[in-house]
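J.:
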Ligand SMILES: Nc1ncnc2c1ncn2[C@@H]1O[C@H](COP(=O)(O)OP(=O)(O)O)[C@@H](O)[C@H]1O
Ligand SMILES: [Mg+2]
């Protein structure tokens with residue numbers, strides 16, 4: 001099958017999936033009840049007329065089915081509605097807060113990928129040695145540490161004791177570090193990126209090491225050695241690329257879910273990202289934000305999965321699209 | 001075992017010992033092995049599975065897998081000791097002076113690189129040539145191993161080739177740099193019977209054309225009968241008997257060699273019917289190499305074994321021109337072990 005036809009078919013499937021997710025999340029939010037009533041219920045002095053007026057303002061007086069299609073039509077036109085809590089257009093919020101999340105997620109994924117390959121190769125080529133044992137235990141332990149614990153340790157050591165990196169926010173509120181907006185921004189990124197990279201590295205290292213150990217057992221590795229290729233080349237050109245193929249799926253998921261997978265990091269470092277926003281939105285039943293963000297995360301995941309499949313075809317000649 | 005007046009051997013292995021240091025104990029996979037290969041000669045290395053043939057071959061390239069260690073012996077190849085060379089010097093031997101064809105062609109090509117890519121890499125690495133010259137060399141070799149339309153095959157991937165084709169590619173890979181010695185480890189064991197004969201004929205033809213020596217490793221006496229100039233019989237990490245092929249088949253001396261020959265299907269027997277799957281096999285089990293039998297390792301399965309065979313490990317003894325045997329019943333001396 002041609003790659004274009006394959007992509008078209010996958011895109012159609014993706015649209016159906018995104019619509020399905022939107023129906024589910026919409027139904028769930030509706031099952032909770034009228035958010036305006038819930039949010040304002042305990043306020044003293046609020047009248048039923050006021051609640052009705054606000055509900056009308058947010059279209060909450062309409063039947064759910066109508067409201068869903070109104071929401072859908074608006075989304076198609078690029079309008080995600082207005083945040084109940086922030087009173088700002090949800091589309092703009094998703095964009096600015098989403099950029100902040102990507103700013104820490106993308107470097108974290110890339111750094112951990114390079115680190116994991118290097119560490120995993122070191123361990124796998126010395127299977128069952130002390131180095132291998134150390135790497136395995138370190139990665140297993142790292143993977144099982146609670147996220148906030150690692151975050152707090154980073155803050156304690158690097159902000160509180162050493163005073164090198166700021167412990168919260170994406171920018172300085174008063175004077176910029178070193179007088180430059182760019183350096184100031186990068187400086188704030190260091191600890192949150194380190195925390196995200198820590199967990200990614202642990203998982204990717206375990207995955208990559210076991211694949212490497214597996215690949216290194218194959219005859220074609222011995223054959224490459226027997227052909228006189230130096231060990232470095234055998235390991236990096238012949239083994240790593242094979243061992244990397246199963247990691248692609250995991251990498252696709254890391255990228256695909258990145259907007260929604262940093263809530264703990266963003267909370268610990270008060271980072272103005274989508275994970276932080278999502279938690280807030282759920283606590284305060286800011287349903288336009290919940291809907292919009294769920295949509296963005298789903299679209300990202302679906303896109304990343306499609307790109308992963310295409311990457312497979314490019315990297316592994318045995319795979320044919322079907 | 002160099003005969004007087006014979007040329008200096010290309011490969012001379014003396015008292016080679018390779019042990020695996022495992023949690024369960026020391027596996028004496030290769031435990032005192034001697035053999036030599038003359039220029040342009042084919043030596044058949046024969047023995048049951050598990051007798052240490054693959055470990056021996058890999059050790060010749062100094063690639064014995066962990067946790068194996070060479071614990072003794074010498075490997076002289078082209079007048080130099082393989083075991084004391086630097087790792088860097090070894091990359092100049094492997095694939096260039098001594099190459100290997102592996103047992104299972106399905107697994108011995110890298111699945112994610114095209115044929116041209118992975119064979120070209122080897123030529124470029126050893127011969128320091130560019131891509132065009134490298135590809136030209138690969139194309140020529142593919143043609144010589146009988147692959148049609150070799151130019152187009154360069155762009156194909158291993159999974160697009162049949163098992164026989166893959167093994168032809170592996171043979172081409174071994175011959176890319178015109179090595180002096182090719183180690184072929186059971187090159188036909190994993191192929192269809194009809195393809196086996198073709199591959200063996202191809203090896204014979206190419207060996208003559210390239211004036212290469214070959215160590216042909218197999219558990220199949222039928223294969224060596226067809227291919228080998230001389231034959232070395234291996235059992236449980238030791239050599240039982242070495243002689244030219246005719247002598248091995250006409251007057252085998254070691255009881256294990258005789259047993260191997262008896263277990264061979266013969267054309268004059270009618271194995272054609274349902275007997276085919278019930279070939280005579282050698283009674284008893286191959287020994288455990290962590291605690292190998294004392295004395296002669298074959299004694300527990302040997303019809304001729306006497307009391308001394310249980311105590312004394314026989315040493316090779318020359319009993320004719322180019323014919324040595326390690327058996328107390330054939331006049332070997334030995335030490336208590
Ligand atoms: N990785 C390993 N660990 C421990 N023992 C091994 C290992 N590989 C091979 N051996 C031992 O070495 C012996 C010889 O193996 P091998 O050379 O593969 O035999 P052959 O090629 O003659 O069938 C086997 O009996 C096996 O017990
Ligand atoms: Mg073998």
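Residue numbers (our numbering), protein chains in the order written: chain C, 1 to 322; chain P, 1 to 337. For glycine and all other residues, C-beta sits at the position ideal for the given N, C-alpha and C.
Taking 8 Å as the threshold (beta carbon to beta carbon), is residue 210 of chain C in contact with chain P?
T.: Not an interface residue.
J.: So, with DSSP's three-state summary, where would you put residue 184 of chain P?
T.: Reduced to three states, the DSSP call for residue 184 of chain P is strand.
J.: Inspect the beta-carbon positions of residue 138 of chain P and residue 202 of chain P and report whether they are closer than 8 Å.
T.: No, the pair does not count as a contact, with Cβ atoms beyond the cut-off.
J.: Using C-beta distances below 6 Å, list every residue in its chain close to residue 269 of chain P, excluding the 5 sequence neighbours before and after it, in chain order.
T.: At residue 269 of chain P the pLDDT is 44, less than 50, meaning the model places this residue with poor confidence; the figure from the coordinates comes in the next sentence. Excluding sequence neighbours, residue 269 of chain P sits near nothing in its chain.
J.: According to DSSP, is residue 273 of chain P part of a helix, a strand, or is it coil?
T.: At residue 273 of chain P the pLDDT is 44, less than 50, meaning the model places this residue with poor confidence and gives no usable figure here.
J.: Any heavy atom of ligand 2 inside 7 Å of the beta-carbon of residue 186 of chain P?
T.: Checking the Cβ of residue 186 of chain P against ligand 2 gives yes.
J.: Compare the beta carbon distance of residue 332 of chain P and residue 239 of chain P with 8 Å and say whether it is the shorter of the two.
T.: Against a cut-off of 8 Å, the Cβ pair of residue 239 of chain P and residue 332 of chain P comes out as no contact.
J.: Give a yes or no on whether 8 Å exceeds the smallest Cβ distance from residue 10 of chain C to chain P.
T.: Not closer than 8 Å to any Cβ of chain P, the Cβ of residue 10 of chain C fails to qualify, so no.
J.: Can the beta-carbon of residue 135 of chain C be found closer than 8 Å to that of residue 201 of chain C?
T.: Their beta carbons are not under 8 Å apart, which means residue 135 of chain C does not touch residue 201 of chain C by this criterion.
J.: Which residue spans inside the stretch 69-157 of chain C form an unbroken alpha helix (DSSP H) run of at least 4?
T.: The qualifying runs are 90-124, 130-144 and 147-154.
J.: Out of C/265, C/26, C/236 and C/303, state which residue places its alpha-carbon closest to the alpha-carbon of residue 191 of chain C.
T.: Checked all of C/265, C/26, C/236 and C/303; the closest Cα to residue 191 of chain C is C/265.
J.: So for residue 218 of chain C, helix, strand or coil by DSSP?
T.: Here residue 218 of chain C sits in coil by DSSP.
J.: Any chance the CB of residue 53 of chain P is under 7 Å from a heavy atom of ligand 2?
T.: Correct: residue 53 of chain P has its Cβ closer than 7 Å to ligand 2.
J.: Could you check if residue 262 of chain C belongs to the surroundings of ligand 1, using beta carbon to heavy atom distance under 7 Å?
T.: No, since every heavy atom of ligand 1 falls outside the 7 Å radius drawn around the Cβ of residue 262 of chain C.
J.: In chain order, what residues of the same chain have a beta carbon less than 6 Å from the beta carbon of residue 316 of chain P, not counting five sequence neighbours either side?
T.: The answer, listed in chain order, is 324 and 326.
J.: Going along the stretch 293-319 of chain C in order, which residues come within less than 9 Å of chain P, judged by CB to CB distance?
T.: Within the stretch 293-319 of chain C, the qualifying residues are 315, 316, 317 and 318.
J.: What's the C-alpha gap between residue 33 of chain P and residue 17 of chain P?
T.: Rounded to whole angstroms, residue 33 of chain P to residue 17 of chain P spans 7 Å at the Cα level.
J.: Rank P/156, P/166, P/111 and P/178 by C-alpha distance to the C-alpha of residue 187 of chain P and give the top, closest one.
T.: Among P/156, P/166, P/111 and P/178, the Cα nearest to that of residue 187 of chain P belongs to P/166.
J.: Report all residues from its chain with a CB closer than 7 Å to the CB of residue 305 of chain C; omit the five preceding and five following residues, and keep chain order.
T.: 252 and 256.
J.: Tell me the DSSP bridge mates of residue 232 of chain P?
T.: For residue 232 of chain P, which the question treats as bridged, DSSP gives the partners P/45 and P/242.
J.: Compare the C-beta of residue 188 of chain C against all C-beta atoms of chain P and say whether one is closer than 8 Å.
T.: Not closer than 8 Å to any Cβ of chain P, the Cβ of residue 188 of chain C fails to qualify, so no.
J.: For the alpha helix (DSSP H) containing residue 251 of chain P, list its first residue and its last residue.
T.: Taken as a continuous stretch (DSSP letters only), residue 251 of chain P belongs to no alpha helix (DSSP H), as it is neither H nor E.
J.: Would you mind sorting residue 219 of chain C into buried or exposed? The rule is 16 or more other CB atoms within 10 Å of its CB.
T.: Residue 219 of chain C comes out buried.
J.: On the DSSP bridge list, what partners appear for residue 12 of chain P?
T.: In DSSP, residue 12 of chain P forms a bridge with P/36 and P/76.
J.: May I ask you to report which of helix, strand or coil DSSP gives residue 85 of chain P?
T.: Correct three-state label for residue 85 of chain P: coil.
J.: Could you have a look at residue 280 of chain P and say whether DSSP puts it in helix, strand or coil?
T.: Low confidence applies to residue 280 of chain P: its pLDDT is 49, below 50, so where it sits in the model is not reliable, and the reading given next is rough at best. Three-state result, residue 280 of chain P: coil.
J.: So residue 150 of chain C packs on residue 198 of chain C, CB below 8 Å; how close in whole Å?
T.: Correct: roughly 6 Å between the Cβ atoms.
J.: Beta-carbon separation of residue 218 of chain P and residue 52 of chain P under 8 Å?
T.: No; because the gap between Cβ atoms is not below 8 Å, this pair is not in contact.
J.: Please confirm whether residue 309 of chain P and residue 289 of chain P have their CB atoms less than 8 Å apart.
T.: Contact: no.
J.: Among the candidates P/337, P/335 and P/178, whose CA atom is the shortest distance from the CA of residue 92 of chain P?
T.: Nearest of P/337, P/335 and P/178 to residue 92 of chain P, Cα basis: P/178.
J.: Give a single yes or no on whether residue 49 of chain P has its beta carbon closer than 7 Å to a heavy atom of ligand 1.
T.: Indeed, a heavy atom of ligand 1 lies less than 7 Å from the Cβ.
J.: Got a sec: which bits of the stretch 101-116 of chain P sit with their beta carbon under 7 Å from any beta carbon on chain C, in order along the chain?
T.: Residues passing the 7 Å Cβ filter: 102, 104, 107, 108, 109, 110, 111 and 112.
J.: Going by DSSP, what residue range makes up the alpha helix (DSSP H) through residue 323 of chain P?
T.: Here residue 323 of chain P belongs to no alpha helix (DSSP H); instead the beta strand (DSSP E) covers 323-325.
J.: Assuming contact is defined by CB atoms lying nearer than 8 Å, are residue 284 of chain C and residue 39 of chain C in contact in what I supplied?
T.: Yes.
J.: Quick one: is residue 229 of chain C near chain P, going by C-beta distance under 8 Å?
T.: Chain P contact via Cβ: present.
J.: So, using beta-carbon positions, are residue 180 of chain P and residue 62 of chain P closer together than 8 Å?
T.: Cβ distance not < 8 Å, so residue 180 of chain P and residue 62 of chain P don't count as in contact.
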